[in-house]
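Everything on this sheet refers to the single structure shown next.
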Amino acid sequence: AQWGSLGAALLFTLLTLGFVFRDGYYAFLTTLPVVFTVAMQWMVMDLQDVELSLVTVMIGSILVGVGVDFSIHIANRVRELGGDIDAIRIAASSTGMSLVEAACCTLAGLACALLIPIPAIKPFIFTIMILLVVAAISALLLLPAIYSLMVQLDYGLTGGSTAMTRKIGLNKSRKDGILDAELPGDDAW
3 AQWGSLGAAL LFTLLTLGFV FRDGYYAFLT TLPVVFTVAM QWMVMDLQDV ELSLVTVMIG
63 SILVGVGVDF SIHIANRVRE LGGDIDAIRI AASSTGMSLV EAACCTLAGL ACALLIPIPA
123 IKPFIFTIMI LLVVAAISAL LLLPAIYSLM VQLDYGLTGG STAMTRKIGL NKSRKDGILD
183 AELPGDDAW
């Protein structure tokens, strides 16, 4: 049941992002930090000696919903700025404070849930709090690193200047930074 709900949450998130971004590749890259955070769930639970129960089985699906929000903030900003290395740097630095504030507010709300007098819920809340921090950090560090790698490997990002120049047949000259028009093949169509 846990794997099914987790897989459904990830698939639905990927499809939704693909629809919103209108690009499955960009949606996939944006979802990778969420997948990393969900993968960290079992390590965090093991380190805290938290067993899988009816309460903790929901952690993965909750993390997908909360974690993707952090990634979307960075992804939208990168797209708005053009998708190049400078856009990634600016997006990470300018959106970073908003992510930290959002994470702190969510952590404060979860901390209030620690006042609930049900002992079985405390490990669940602590695990969610730790993984929420992991989700924010992975959105701030891992997502820009993934985007930067794709741009440096010349795969580009959706809406980015590199992807757009490749699509219309413009290649940047390495020597002087001037764009030269080149037809990608025999036929432009």
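Numbering (the numbering used here), first residue to last: 3 to 191. Ideal Cβ positions, reconstructed from N, Cα and C, are used throughout, including at glycine.
Query: Where F23 falls, given that 16 or more other Cβ within 10 Å makes a residue buried; Result: buried
Query: Rounded straight-line distance, which links the Cα of C106 to that of I90; Result: 23 Å
Query: Alpha-carbon spacing of E82 relative to I127, whole angstroms; Result: 35 Å
Query: Straight-line Cα distance separating I130 from I61; Result: 7 Å
Query: The region 26-45 / the region 59-77 touching (three or more Cβ pairs under 8 Å); Result: yes
Query: Residues near L19 by beta carbon distance below 7 Å, same chain, minus five either side; Result: A29, T32 and T33
Query: Near the ligand FAD: W44 beta-carbon under 6 Å from a heavy atom; Result: Summarising the ligand content, the structure contains no ligands, and the ligand FAD is consequently not present.
Query: L133 beta carbon less than 7 Å from that of T39; Result: yes
Query: Neighbourhood of L144 by C-beta distance below 8 Å, restricted to the same chain and skipping five residues each side; Result: L34, P35 and F38
Query: Chain-order list of residues whose beta-carbon lies under 8 Å from that of M152 (same chain, five-residue window excluded); Result: L31, G158 and L159
Query: Cβ-Cβ separation, T108 to V68 (assumed contact under 8 Å), whole Å; Result: 7 Å
Query: Through-space distance from S140 to A113, alpha-carbon basis; Result: 21 Å
Query: Own chain, CB closer than 7 Å to V52, minus 5 neighbours either side, in chain order; Result: T58, P125 and T129
Query: Among W44, A122, N78 and A10, nearest to S63 - alpha-carbon criterion; Result: A10
Query: Buried/exposed call for Q43, threshold 16 Cβ in 10 Å; Result: buried
Query: Which of helix, strand or coil DSSP assigns to E53; Result: coil
Query: Rounded separation between I87 and G111 - CA only; Result: 35 Å
Query: Candidates I118, A138 and A122, of which the one nearest E103 by Cα; Result: A138
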